[in-house]
Amino acid sequence: MTSGPATERPPTAPAVIRLRGVSRTYPGPPEVTALRPADLVVARGDYVAVVGPSGSGKSTLLNLLGLLDRPSTGSYDLDGVDVGALAERDRTALRGSRIGFVFQTFHLLPHRTAAENVMLAQVYNGTARARRRPAAVAALSQVGLGHRIDSLPTTLSGGECQRVAIARALVNAPALLLCDEPTGNLDSGNAARLLDLLDALNAGGLTLVVITHAAEVADRAQRVISIKDGTLSKARTREER
Amino acid sequence: MRMRPRRVVPERSVLGPVDLAAEALAGMLQRPGRSLLTMLGTVLGVGAFVAVLGLTSTATGQIGARFDALRNTTVVVNDAGTSREPGPVGFPSDADARITALNGATSAGVWWMVPLRRPIIGATATVTAGSHANAGDVPVLAASPGLFAVTAPAMRSGTLFNRSHEHRRAQVAVLGAAAARQLGIAQLNAQPAVFINGLPFTIVGIIDDVARVPDLLMGITVPRSTAERLFPPPDPGSRPAQMVIQTERGAAQLVARQAPVALRPDAPARLRAVPPPDPRSLRDEVDTDLAGLFLALAGISLVIGAVGIANTTLVAVLERVQEIGLRRSLGARPRHVAVQFLTESTALGLLGGLIGTAAGVGAVLAVAIVRQWTAILEPAAVLPGPVIGALVGMVAGAYPAIRAARIEPLEALRR
Ligand SMILES: Nc1ncnc2c1ncn2[C@@H]1O[C@H](COP(=O)(O)OP(=O)(O)OP(=O)(O)O)[C@@H](O)[C@H]1O
Ligand SMILES: [Mg+2]
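Protein sequence lines correspond, in order, to chains G and X.
If you use my numbering, the first sequence corresponds to residues 50 to 290, in order.
If you use my numbering, the second sequence corresponds to residues 750 to 1164, in order.
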């Protein structure tokens, strides 16, 4: 086994994420080791927050988890599949169907309605066109936007935009929701309501990994993992905090 | 116990044709004004292309329609003369018969301008040089009767002179409509005459319209034998005697080669036969002179159009880096991104090509209507228009599309 400073409780539920000795070094120059060899297990239904100062390697970790990047060393099993062995096109398909992304900037297409933005997630995984809109409407209802289905992003508040982005991430029923500073562009009221939504989704069984430096975000998670200079620290559970 | 292999990897990402078309259309409509401007170069290029080819075929068609019948069946033989000095006419008196005996020649006639120095011409014998009624500027022509067969005049009144007049060297004349007006002669009931330097000529007919030798309409035409008897011979230096031969279709070149020998076996070199221009060289002339220039301009417009599309598409790619990153995170493969932008640029080019084709066809129709021509638009000139536009768009979009496909999703999403 690879050794790493991050340690894990043996999970009882099946693992959605299993990292073994995963590291990432950007070749540079200058060469930057953004993530030191780390082990991490995220079980189904888990809610994990990753906190750390700027430049500590949070986004690097998220990119690896989201199959947007490949680790320099180590292995990564997503939902029981060793994704390191997969060809790029299979990783892309897996990313589109099994992982939902939520970004700090919402990345909505400005000229498309809320429903059309959600339906964009169904284009590349081959969802039949007739099935897309009902699924998008359901996802928007799930995030509390059933009444703004045909609104353009420009007419929505920041909090509402982020809900559209979450609906887009949920519409394909992913195994994992990856959030990078999901409240970074929201005021405290909207942020709290968004965190309530994430809590509700997690309570419904969704696996969440949230990257943040906001304490109120980390407080909602079942487990908090600190990262500093590319080194993951032991996860602290709610009881330990 | 054997493990049942689990389906671990989902179906590969796809981008169906309907989705592709919808995404490309949305991309184009995102900035409709810019899309229109982008198309402009292609519109101009394809429009010019279609207009040039259409106008060329239309103009060539007119040349064909109007001149094929006349020009391609007309041979002119000029009397080069033996010297600069006027002398006897180079065409024998039986010239008409010699030529019509040739295979492929249907009729033939000789004519020349009679060189009169300050003549006195009038409808009465009393006209003097200074008189108001002197129509001295009306040209006098000599013609063999065969010339009327070649020129097929339309009669206003009366008849034409014939072989018998020619034989008798009769003092008869046929007036062109313009000459008749100038002489104040409208009717032939009273058997009017025209006096040339005091010599009376009975007017047998007035002609209205004529083919091949329009000079007949302007002047007073007398039998060649009469002219040879009464007037000075033609001046080989300025207006030599000329024979005009009507041939059957396709026989003109052959008749032109045979005519000098048939007319003057003793001195064929004295006569110079001019066959009609080769219709193919006529078409080539139109093609090379005018169309070549415009096709070059069309090509330049197309290049400008391509650069415009390439530029706009590249700008669009750079503007939409985040969108590209997002699509990648949603499962788009690089080729899906590339094909989306390529489709957008190709559609822009295709649309530009369609508009340009319509504009080019409109230009051809407008010219044809103004000139009262028959517009001739060959499929070979019209159909390539949209295709050329689409190709321009595709070529122009290739580089931006490759750039788009290479965008790293994590770079794009970081912004
Ligand atoms: N593509 C790259 N090439 C080289 N170095 C990189 C690259 N991406 C990140 N880094 C470096 O890796 C380190 C970790 O970066 P990362 O983006 O993961 O930090 P972060 O924790 O997300 O920071 P922030 O909170 O500011 O978003 C930083 O030192 C950064 O400069
Ligand atoms: Mg970051």
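Every residue, glycine too, gets a C-beta built ideally from N, C-alpha and C.
Heavy atom of ligand 2 within 8 Å of residue i beta-carbon
i: G:D229; result: yes
i: G:I260; result: yes
i: G:S121; result: no
i: G:K277; result: no
i: G:K283; result: no
i: G:S108; result: yes
Terminal residues of the beta strand (DSSP E) in which residue i lies
i: G:S237; result: Here G:S237 belongs to no beta strand (DSSP E); instead the alpha helix (DSSP H) covers 237-252.
i: X:A1022; result: 1020-1023
i: G:T74; result: 64-75
i: G:K277; result: 272-277
i: X:S856; result: 854-862
i: G:T256; result: 256-261
i: G:R85; result: 81-92
i: G:Y173; result: First-last for G:Y173: undefined, no H or E at that position.
i: X:A829; result: Here X:A829 belongs to no beta strand (DSSP E), and DSSP marks it neither H nor E.
i: G:V99; result: 96-100
i: X:V1136; result: Where X:V1136 is concerned, there is no enclosing beta strand (DSSP E), although the alpha helix (DSSP H) it sits in stretches over 1133-1155.
i: X:Q995; result: 991-996
6 Å CB neighbourhood of residue i in its chain, flanking five on each side removed
i: X:A882; result: G871, V876
i: X:G1057; result: T787, G790
i: G:R272; result: V97, A284, T286
i: G:N251; result: Y96, L257
i: X:S1078; result: P1158
i: X:L966; result: G925, A926, A927, V959
Residue i: CB within 8 Å of a non-hydrogen atom of ligand 1
i: G:A142; result: no
i: X:T1095; result: no
i: G:G115; result: no
i: G:S105; result: yes
i: G:A98; result: no
i: G:G77; result: yes
i: X:G1098; result: no
i: G:A83; result: yes
i: X:G1074; result: no
i: G:G101; result: yes
i: X:E760; result: no
i: X:E1160; result: yes
Supposed close pair residue i, residue j - CB separation, criterion 8 Å
i: G:N221; j: G:S146; result: 6 Å
i: X:L865; j: X:F980; result: 7 Å
i: G:A163; j: G:S200; result: 5 Å
i: G:T256; j: G:A224; result: 6 Å
i: X:P989; j: X:D843; result: Not quite, the Cβ-Cβ distance comes to about 19 Å (not below 8 Å), so this is no contact.
i: X:V943; j: X:A927; result: Wrong, their Cβ atoms sit about 14 Å apart, outside the cutoff.
i: G:L157; j: G:P102; result: Not confirmed; about 29 Å, so no contact.
i: X:V863; j: X:S893; result: 14 Å between Cβ atoms; not a contact.
i: X:A1022; j: X:A1008; result: 5 Å
i: X:Q920; j: X:P949; result: 6 Å
Own chain residues within Cβ distance below 7 Å of residue i, not counting five before or after
i: G:G238; result: none
i: G:G208; result: L235, N239, R242, L243
i: X:T996; result: T822, V824, G853, A854, T855, V1004
i: X:A1139; result: T1095, G1098, L1099, G1102
i: G:D278; result: S105
i: G:V266; result: A98, T232, L244, V259
i: X:L1046; result: A797
i: G:T261; result: A98, V100, E230, A267
i: G:N174; result: G145, S146, N221
i: X:P1024; result: V824, A1001, Q1002, A1005
i: G:L68; result: A87, D88, L89, G123, Y125
Limits of the alpha helix (DSSP H) - the one that residue i falls within
i: X:T900; result: 895-900
i: G:P120; result: Note, G:P120: premise wrong, no alpha helix (DSSP H); not H, not E.
i: G:D139; result: 137-147
i: X:T849; result: 844-849
i: G:A267; result: 264-267
i: X:A1001; result: 1001-1012
Own chain residues within Cβ distance below 8 Å of residue i, not counting five before or after
i: X:L1091; result: M1143, G1146, A1147, A1150
i: G:E57; result: Because G:E57 sits at a pLDDT of 49, beneath the cut-off of 50, its placement in the model cannot be relied upon, and the point is left open.
i: G:R119; result: L113, G133
i: X:M750; result: Confidence is the limiting factor: at X:M750 the pLDDT is only 42, short of 50, which leaves the residue's position unreliable, though a coordinate-based value still follows. Taken in chain order, the list of residues that qualify is empty.
Contact set between residue i and chain C, taken where Cβ atoms lie within less than 9 Å
i: G:H160; result: Chain labels in this structure do not include chain C; the protein chains are G and X.
**Request:** Only counting runs of 3 or more residues, tell me where the beta strand (DSSP E) segments fall wholly within the stretch 901-983 of chain X, in order along the chain.
**Result:** 903-907, 921-925, 942-945, 948-958, 969-972
**Prompt:** Which runs of the alpha helix (DSSP H), 4 residues or longer, sit entirely within the stretch 1057-1084 of chain X?
**Reply:** 1070-1078
**Request:** Tell me the start and end of each unbroken alpha helix (DSSP H) in the stretch 175-229 of chain G that is at least 4 residues and wholly inside, in chain order.
**Result:** 178-191, 207-219
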